[in-house]
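Per the numbering used here, the very first residue in the sequence shown carries number 443; after that it's consecutive. In this text, a Cβ means the ideal position worked out from N, Cα and C, and glycines have one as well.
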Amino acid sequence: MKNIVDINWLKEHINDENLVIIDCRFSLQDPAYGEKAYKEAHIPRAISVNLDKDLAGEKGEHGGRHPLPNVKRFVNFMESLEVSNHSTVLIYDDGDLAAPSRLWWMLKYIGLDKVYLLEGGIKAWVSSGGEVTKEEYIGKEPGKIEVHLREEMQCPMEYVKTNLNNEEIVIIDSRARERYLGLVEPMDKKAGHIPGAKNYDWTLNFEDGKVRPIEELRERFDKVNDYKEVIVHCGSGVTGCANVLFLEEVGISSKLYVGSWSDWSSYNENPISTEEQ
443 MKNIVDINWL
453 KEHINDENLV
463 IIDCRFSLQD
473 PAYGEKAYKE
483 AHIPRAISVN
493 LDKDLAGEKG
503 EHGGRHPLPN
513 VKRFVNFMES
523 LEVSNHSTVL
533 IYDDGDLAAP
543 SRLWWMLKYI
553 GLDKVYLLEG
563 GIKAWVSSGG
573 EVTKEEYIGK
583 EPGKIEVHLR
593 EEMQCPMEYV
603 KTNLNNEEIV
613 IIDSRARERY
623 LGLVEPMDKK
633 AGHIPGAKNY
643 DWTLNFEDGK
653 VRPIEELRER
663 FDKVNDYKEV
673 IVHCGSGVTG
683 CANVLFLEEV
693 GISSKLYVGS
703 WSDWSSYNEN
713 PISTEEQ
């Protein structure tokens, strides 16, 4: 795969001078989980990054639960982690790749190319006999990032709304089926989905905790090829990034609606559907 590497790759490259390893473990139920887990044990040279604090901006009335942070602030933060344009960045978590996919997307958005996720995460690393440490990594010197924003990677709510009836565009809802159908809504004020959106639950890119083979991913997203443009969203712009990543793996480019359902549902005038599409 283009964006996902395994533990053998990491064992081979862990001492590479230009490698930056980022621990992106996170739990929506326990926002402090990642920091606690990092202190208990992490892959050597890894630096801890928090989804809420480091990969999202301040929440407002609109914009969703995880709006993008200010670009300059994010770039400065990444530079403080030794990230430069020439860096190879490896991101890991416990294995579900949700928060790592968000960081992968953000780094791609600002212009970086060599960004990878670790399949199986730290659990696979430990199971294979990989070394872990409690020692916090202290970087040598800041990196330098020259920003080249890839604006084609995202779209605002207005763009989504304007194209609801555009038959050349498909809107992908990455949430669980129950949320898509409006049967439950544990996170946001309203239940349902954007009219016309098709449900591709991001967790179905995995089977038994492992990424599905590329052939199965191609089959899963085959009908998406019928459209000229693809818009992906989820609840708050995090797990949708996983679908963006796996779509790219099978050769399909897409735009992320960052605000996602938490933004869409914050506008009283926006239409909502609970019907299967």
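Assigned exposure category for residue i - 16 Cβ within 10 Å defines buried
| i | result |
| --- | --- |
| THR681 | buried |
| PRO509 | buried |
| HIS528 | exposed |
| ASP705 | buried |
| ILE580 | exposed |
| GLU524 | buried |
| ASP472 | exposed |
| LEU591 | exposed |
| SER569 | exposed |
| ASN667 | exposed |
| GLY571 | exposed |
| LYS697 | buried |
| ALA479 | buried |
| ALA483 | exposed |
For residue i, three-class secondary structure by DSSP
| i | result |
| --- | --- |
| ASP668 | helix |
| LEU461 | strand |
| HIS508 | coil |
| ILE614 | strand |
| SER707 | coil |
| HIS590 | coil |
| THR604 | helix |
| GLU661 | helix |
| THR716 | coil |
Residues that DSSP places opposite residue i in a beta bridge
| i | result |
| --- | --- |
| TYR551 | Note: TYR551 sits in no beta bridge, so no partner. |
| ILE673 | ILE613 and LYS697 |
| ILE446 | LEU559 |
| VAL653 | PHE648 |
| ASN641 | ASP615 |
| GLN471 | DSSP, once it has assigned bridges, lists no residue as partnering GLN471. |
| HIS635 | SER715 |
Beta strand (DSSP E) segment containing residue i, residue limits
| i | result |
| --- | --- |
| LEU560 | 557-560 |
| VAL531 | 530-534 |
| ILE489 | 488-490 |
beta-carbon residue i near the ligand ATP non-hydrogen atom, thresh 8 Å
| i | result |
| --- | --- |
| GLU690 | Within the structure as shown, the ligand ATP is missing, as the structure has no ligands at all. |
Range covered by the alpha helix (DSSP H) that runs through residue i
| i | result |
| --- | --- |
| TYR622 | 619-622 |
| ASN685 | 682-691 |
| GLU521 | 513-522 |
| GLY476 | 475-482 |
| ASP494 | 493-496 |
Chain C within 9 Å of residue i, Cβ atoms only
| i | result |
| --- | --- |
| LEU493 | Judged by its chain identifiers, the structure shown contains no chain C, having just a single protein chain. |
Tell me, please, whether the stretch 635-648 touches the stretch 618-626 by the rule of three or more beta-carbon pairs shorter than 8 Å.
Counting Cβ pairs under 8 Å, three or more are found: they touch.
Evaluate the contact criterion for the stretch 516-527 versus the stretch 541-560: three or more CB pairs, one atom per stretch, below 8 Å.
Yes, they touch.
Report yes or no: do three or more beta-carbon pairs, one from the stretch 649-662 and one from the stretch 696-716, lie closer than 8 Å?
With the rule of 3 Cβ pairs closer than 8 Å, the stretch 649-662 does not count as touching the stretch 696-716.
Cβ contact check for the stretch 662-672 and the stretch 685-692: 3 or more pairs under 8 Å:
Touching, per the Cβ criterion.
Inter-stretch contact at 8 Å, needing at least 3 Cβ pairs: the stretch 451-471 / the stretch 529-544:
Output reads yes: the stretch 529-544 touches the stretch 451-471.
Cβ contact (3+ pairs, closer than 8 Å) linking the stretch 605-612 and the stretch 665-677
Touching, per the Cβ criterion.
Could you check whether the stretch 500-515 touches the stretch 535-543, counting it as contact only if at least three pairs of C-beta atoms, one from each stretch, sit closer than 8 Å?
No: the two stretches stay apart, fewer than three of their Cβ pairs being nearer than 8 Å.
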